[in-house]
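Asker: Could you have a look at this structure, given as structure tokens, before my questions?
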Amino acid sequence: METGLVFTPFLPGDSLLFAAGAFAALSSLNILVLWIVLLLAALIGNTSNYWIGYFFGKKIVAHPKIPIDEEHIKETKKFFDKYGGKTIIMARFMPFVRTFAPFVAGVSRMSYKQFISYDLIGAFSWITVGTMAGYFFGNIEFVKKNFSLVIFGVIIISLLPIIFEYVKHRLHPNRQS
1 METGLVFTPF LPGDSLLFAA GAFAALSSLN ILVLWIVLLL AALIGNTSNY
51 WIGYFFGKKI VAHPKIPIDE EHIKETKKFF DKYGGKTIIM ARFMPFVRTF
101 APFVAGVSRM SYKQFISYDL IGAFSWITVG TMAGYFFGNI EFVKKNFSLV
151 IFGVIIISLL PIIFEYVKHR LHPNRQS
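Going by the UniProt record's numbering, the letters in the sequence shown line up with residues 1 to 177, in that order.
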């Protein structure tokens, strides 16, 4: 989905998971097969993004039109060294962040073994929550009749952590998160 390429953070992963789960509930699509395919896609996407960061990240970051410099990479490396696993797991549940976390992990030279271990936990959790929510709520009459509205709600809920952090930063710009 959106995690496979650094430049596709706009794809709505959470709502796609919910919609896929709801579709499985309303059709003959096997939820277990769907879950396995989505898990593999998420892992392959993040792995691709990690290796893009690992092999090409410094060149991408060095480009004058990219607003990230070597100091940002050093600070990010320190952050990943301290919070790496937690960052990778939680990023799955944050739009935009989930797109860039594997790339930054690669640029920062987080070990692939550590990255994939935490990414597996994050992907497992994210895919399970998203598809199962759609699967269980997909048969509810209100959800069936208002599917577009429900998907819009899922997107808004997905964006709340980013909105919260933005507002917090605007209210207290000098405070570290």
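The beta carbon of each residue, even a glycine, is placed where N, CA and C say it ideally should be. Owing to the predicted nature of the structure, the values given are computational and were not obtained by experimental measurement.
1. Could you compute how far the alpha carbon of residue 194 sits from the alpha carbon of N174?
2. Please report the residue range of the alpha helix (DSSP H) in which M132 lies.
3. Just checking my contact of F137 with V143 at CB under 8 Å: how many whole Å lie between their CB atoms?
4. In chain order, what residues of the same chain lie with their CB nearer than 8 Å to the CB of A123, ignoring the 5 residues before and after it?
5. For I88, I'd like the list of residues in its chain whose CB is within less than 7 Å of its CB, leaving aside the five on either flank, ordered along the chain.
6. Going along the chain, which residues of its own chain have a beta-carbon closer than 8 Å to the beta-carbon of Y135, five neighbours each way excluded?
7. By the 10 Å Cβ neighbour count, where 16 or more other Cβ atoms means buried, how is N49 classified, buried or exposed?
8. I'd like to know whether the C-beta atoms of S15 and V154 end up nearer to each other than 8 Å.
9. Enumerate in chain order the residues of its own chain whose CB-to-CB distance from I151 is below 7 Å, with the five nearest sequence positions on each side excluded.
10. E165 to I156, Cα distance in whole Å?
11. In three-state terms, what does DSSP make of N46?
12. Give the straight-line distance between the Cα atoms of K77 and F147, rounded to the nearest whole angstrom.
Answerer: According to the structure data:
1. Outside the displayed span of the chain (1 to 177) sits residue 194, for which this structure offers no information.
2. The count along the sequence shown starts at 1 and reaches residue 132 at position 132. Taken as a continuous stretch (DSSP letters only), the alpha helix (DSSP H) holding M132 covers 112–137.
3. In the sequence shown, counting from the first residue as 1, residue 137 sits at position 137. In the sequence shown, counting from the first residue as 1, residue 143 sits at position 143. Under the criterion of beta carbons closer than 8 Å, F137 and V143 qualify as touching, at roughly 5 Å.
4. Within the sequence shown, numbered from 1, the residue matching residue 123 stands at position 123. Contacts found: L39, A42, L43, N46, R92.
5. Counting from 1 along the sequence shown, the entry for residue 88 is found at position 88. By the criterion of a C-beta distance shorter than 7 Å, I88 is surrounded in its chain by A101, A105, F115, Y118, D119, G122, once the five residues flanking it on both sides are discounted.
6. For the purposes of this step, residue 135 is taken as the residue at position 135 of the sequence shown. Only G21, A22, A24, A25, I31 meet the Cβ criterion.
7. Counting from one through the sequence shown, the residue named residue 49 turns up at place 49. Flag for N49 reads buried.
8. The residue labelled residue 15 in the question sits at position 15 within the sequence shown. The residue labelled residue 154 in the question sits at position 154 within the sequence shown. A distance below 8 Å separates the beta carbons of S15 and V154.
9. On the sequence shown, position 151 is the one that residue 151 refers to. Taking I151 as the centre and dropping the five residues before and after it, the same chain places the C-beta of S15, F18, A19 closer than 7 Å to its C-beta, in chain order.
10. Here residue 165 refers to the residue found at position 165 of the sequence shown. Here residue 156 refers to the residue found at position 156 of the sequence shown. Each residue's alpha carbon lies about 14 Å from the other.
11. On the sequence shown, residue 46 is found 46 positions in, with the first residue counted as 1. In the structure shown, N46 sits in a helix (DSSP, three-state: H, G or I).
12. Within the sequence shown, the letter at position 77 stands for residue 77. Within the sequence shown, the letter at position 147 stands for residue 147. Those two C-alpha atoms are separated by around 42 Å.
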